[in-house]
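Residue numbers (this note's numbering): 85 to 260.
Glycine included, every Cβ here is placed at the ideal spot set by N, Cα and C.
Only one structure is covered here, and it is reproduced in the block below.
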């Protein structure tokens, strides 16, 4: 795994950024509408993907990540339809489709942003595949992943991003 430290425009703090490859597990998850989703096919569709790991009752970093996704969609405007946002529940025992739907409504999610849950073992496979396993949901940390269709590479961001930083990373992704 290659890690690069980036100091985004207007920020002296920077964040950890890595270019990595992940093997996406062929699991079936469930979205906020209760629809079954073939996870690997969703991530390998013909759209750029931006992914994070959250849970519906979090009061710390998940709301910040979700506000970032919401603002990102607003900034993109009509182009938001051409980007797939994916939030994966790290609390599949409690995050039901109804809770996930209400969560997305709270953040004014537009079409193209899916919140996925599933069987605990399937969620664990996904977290393991992205090197994002946490043994206790209270110990989770902010991760954002960006992927361009037709490539095997992902950009992994290991910290909270401001909306401007997420937009900058998205634009960099499109230049590849």
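>> Quick check on residue 117: does DSSP put it in helix, strand or coil?
In response: In the chain shown, counting from the first residue as 1, residue 117 sits at position 33. Taken through DSSP and simplified to helix, strand or coil, residue 117 comes out as coil.
> Assuming residue 207 contacts residue 174 under a Cβ cut-off of 8 Å, what Cβ separation, rounded to an integer in Å, is found between them?
Replying inline: Your numbering for residue 207 matches position 123 in the chain shown. Your numbering for residue 174 matches position 90 in the chain shown. With a Cβ gap of about 7 Å, residue 207 and residue 174 count as contacting.
> Should the stretch 145-157 be regarded as contacting the stretch 103-116, the criterion being three or more beta carbon pairs within less than 8 Å?
Replying inline: By the Cβ criterion, the stretch 145-157 is not in contact with the stretch 103-116, since fewer than three pairs of Cβ atoms, one from each stretch, lie closer than 8 Å.
>> Taking the alpha-carbon of residue 162 as reference, which of 196, 118, 103 has the nearest alpha-carbon?
In response: Working through the chain shown from its first residue, we reach residue 162 at position 78. Selected option, being the one with the closest Cα: 196.
> Should residue 105 be labelled buried (16 or more other beta-carbon atoms within 10 Å of its own) or exposed?
Replying inline: For the purposes of this step, residue 105 is taken as the residue at position 21 of the chain shown. Counting Cβ neighbours within 10 Å, residue 105 comes out exposed, since fewer than 16 surround it.
> With C-beta atoms as the reference, is residue 226 less than 9 Å away from residue 201?
Replying inline: Taking the chain shown and counting its residues from 1, the one referred to as residue 226 is at position 142. Taking the chain shown and counting its residues from 1, the one referred to as residue 201 is at position 117. Contact: no.
>> So, under 8 Å CB-CB, residue 176 and residue 159 are touching, yes? Tell me the CB distance rounded to an integer number of Å.
In response: As a working mapping, residue 176 is identified with position 92 in the chain shown. As a working mapping, residue 159 is identified with position 75 in the chain shown. Residue 176 to residue 159, Cβ: 31 Å. No contact.
>> Considering Cα atoms alone, identify which of 128, 115, 121, 118 is closest to residue 238.
In response: Taking the first residue of the chain shown as 1, we reach residue 238 at position 154. Nearest option by C-alpha distance: 128.
> If you drop the 5 nearest sequence neighbours on each side, which residues of the same chain put their C-beta closer than 8 Å to that of residue 114?
Replying inline: Position 30 of the chain shown holds residue 114. Result list for residue 114: 120, 121, 181, 200, 201, 202, in chain order.
> Measuring CB to CB, does residue 232 end up less than 9 Å from residue 198?
Replying inline: Numbered from its first residue, the chain shown carries residue 232 at position 148. Numbered from its first residue, the chain shown carries residue 198 at position 114. The answer is no: Cβ separation not under 9 Å.
> Near residue 251, which residues of its chain fall below 7 Å by C-beta distance, leaving aside the five closest residues on each side in sequence?
Replying inline: For the purposes of this step, residue 251 is taken as residue 167 along the chain shown, with counting starting at 1. Excluding residues within five positions, the ones whose Cβ falls inside 7 Å are 156, 159.
> Hey, residue 134 and residue 167 are a contact pair by Cβ (cut 8 Å); roughly how many whole angstroms apart?
Replying inline: Along the chain shown, read from residue 1 onward, the residue named residue 134 stands at position 50. Along the chain shown, read from residue 1 onward, the residue named residue 167 stands at position 83. About 6 Å separates the two Cβ atoms, so the contact holds.
> Can you give the beta carbon distance from residue 187 to residue 234, rounded, assuming they're within the 8 Å contact cut?
Replying inline: Locating residue 187 in the chain shown gives position 103, counting from the first residue. Locating residue 234 in the chain shown gives position 150, counting from the first residue. So it is not a contact: roughly 31 Å between Cβ atoms.
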